[in-house]
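Enquirer: Before we start, here is the structure in question, set down as structure tokens.
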Amino acid sequence: AQKVTQAQTEISVVEKEDVTLDCVYETRDTTYYLFWYKQPPSGELVFLIRRNSFDEQNEISGRYSWNFQKSTSSFNFTITASQVVDSAVYFCALGSYGQNFVFGPGTRLSVLP
Amino acid sequence: DGGITQSPKYLFRKEGQNVTLSCEQNLNHDAMYWYRQDPGQGLRLIYYSQIVNDFQKGDIAEGYSVSREKKESFPLTVTSAQKNPTAFYLCASSMQLALNYEQYFGPGTRLTVT
């Protein structure tokens, strides 16, 4: 069975601090995709990144970076120099062939001014 | 602008009544999805459709029904058989039903049943 764990239920940081959101996944498939989504207070999920299981290169996009490690089944997300607008619930998700998408429970990030 | 619309934003119903949630997309996407979100549980898949007139049950389909008569529309009916219908419902679409395509989400409908 597939599973996504986001152990951090809520995180609070002060603006300009760096913060890392953890994501650990379980799957028996060798081909799979991992995603991160952001859900601001408005409720609509916004796609942030997709990573396939054969690409372990880390990725940086502005203040956002992602660290994919197959050895530990983790796909962590770091926000550098956090801003108040980063306050949201962040979801990690997993999809593999023949299985439905599985979302983690989410991590609520609060960035305080 | 292209996107997904869900209406209404908030919906209130009495227990025992069926209610239909609207979802429309103008992204020309083939695949559409319905998720339910409860506090602390992430999103759970209710139904999905990869093409018109075709849909499949997700992980928690009991008490729900859908139709896909048009590519743009994927309405969800919450029936009286759903034991705990109060939740936040999100509709999504993707170009195809394939794992390498990201899903685009609507703003959601918050349903309260009393």
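Heads up: the protein sequence lines correspond to chains P and Y, in order. Anchor point for the first sequence: position 38 equals 45 in my numbering, and the numbering is continuous, going up by one each time. Anchor point for the second sequence: position 113 equals 94 in my numbering, and the numbering is continuous, going up by one each time. We put the beta carbon where it would ideally sit given N, CA and C, even for glycine.
Would a check of beta-carbon distances place Y:Y91 closer than 9 Å to chain P?
Expert: At residue 91 of chain Y the sequence reads Arg, which differs from the Tyr that was named. Taking Cβ atoms only, chain P reaches closer than 9 Å to Y:R91, which makes this a yes.
Enquirer: Using the Cβ count rule (16 or more neighbours within 10 Å means buried), how would you classify P:N70?
Expert: What sits at residue 70 of chain P in the sequence shown is Arg, not Asn. Its Cβ having fewer than 16 others within 10 Å, P:R70 is exposed.
Enquirer: Can you tell me where the beta strand (DSSP E) with P:V91 in it begins and where it stops?
Expert: Looking at the DSSP string, P:V91 is not in any beta strand (DSSP E), and its letter there is neither H nor E.
Enquirer: Could you list the residues in the stretch 61 to 91 of chain P with a C-beta less than 9 Å from some C-beta on chain Y, going in chain order?
Expert: So the list is empty, because no residue satisfies the distance condition.
Enquirer: Please classify Y:S(-12): does DSSP put it in a helix, a strand, or coil?
Expert: strand
Enquirer: Could you work out which residues of chain P lie near Y:Y85, taking near to mean beta carbons separated by less than 8 Å?
Expert: F54
Enquirer: So which residues on chain Y does P:P112 lean against when the C-beta distance must stay under 8 Å?
Expert: G21, Q22, G23
Enquirer: Is there at least one Cβ from chain P nearer than 9 Å to Y:F69's Cβ?
Expert: yes
Enquirer: Confirm, please, whether the CB-CB distance from Y:G44 to Y:P66 is below 9 Å.
Expert: yes
Enquirer: Going along the chain, which unbroken runs of the beta strand (DSSP E) with 3 or more residues stay wholly within the stretch -8 to 56 of chain Y?
Expert: 0 to 6, 12 to 18, 24 to 32, 35 to 38, 45 to 47
Enquirer: Tell me the residue span of the beta strand (DSSP E) that contains P:N74.
Expert: Per DSSP, P:N74 belongs to the beta strand (DSSP E) from 71 to 76.
Enquirer: Considering only the beta carbon of each residue, do Y:C72 and Y:Q(-13) sit closer than 9 Å?
Expert: A contact, by the Cβ cut-off of 9 Å.
Enquirer: Contact between the stretch 21 to 32 of chain P and the stretch 86 to 105 of chain P is defined here as three or more beta-carbon pairs at a separation below 8 Å; is this criterion met?
Expert: By the Cβ rule, the stretch 21 to 32 of chain P counts as touching the stretch 86 to 105 of chain P, because three or more pairs are nearer than 8 Å.
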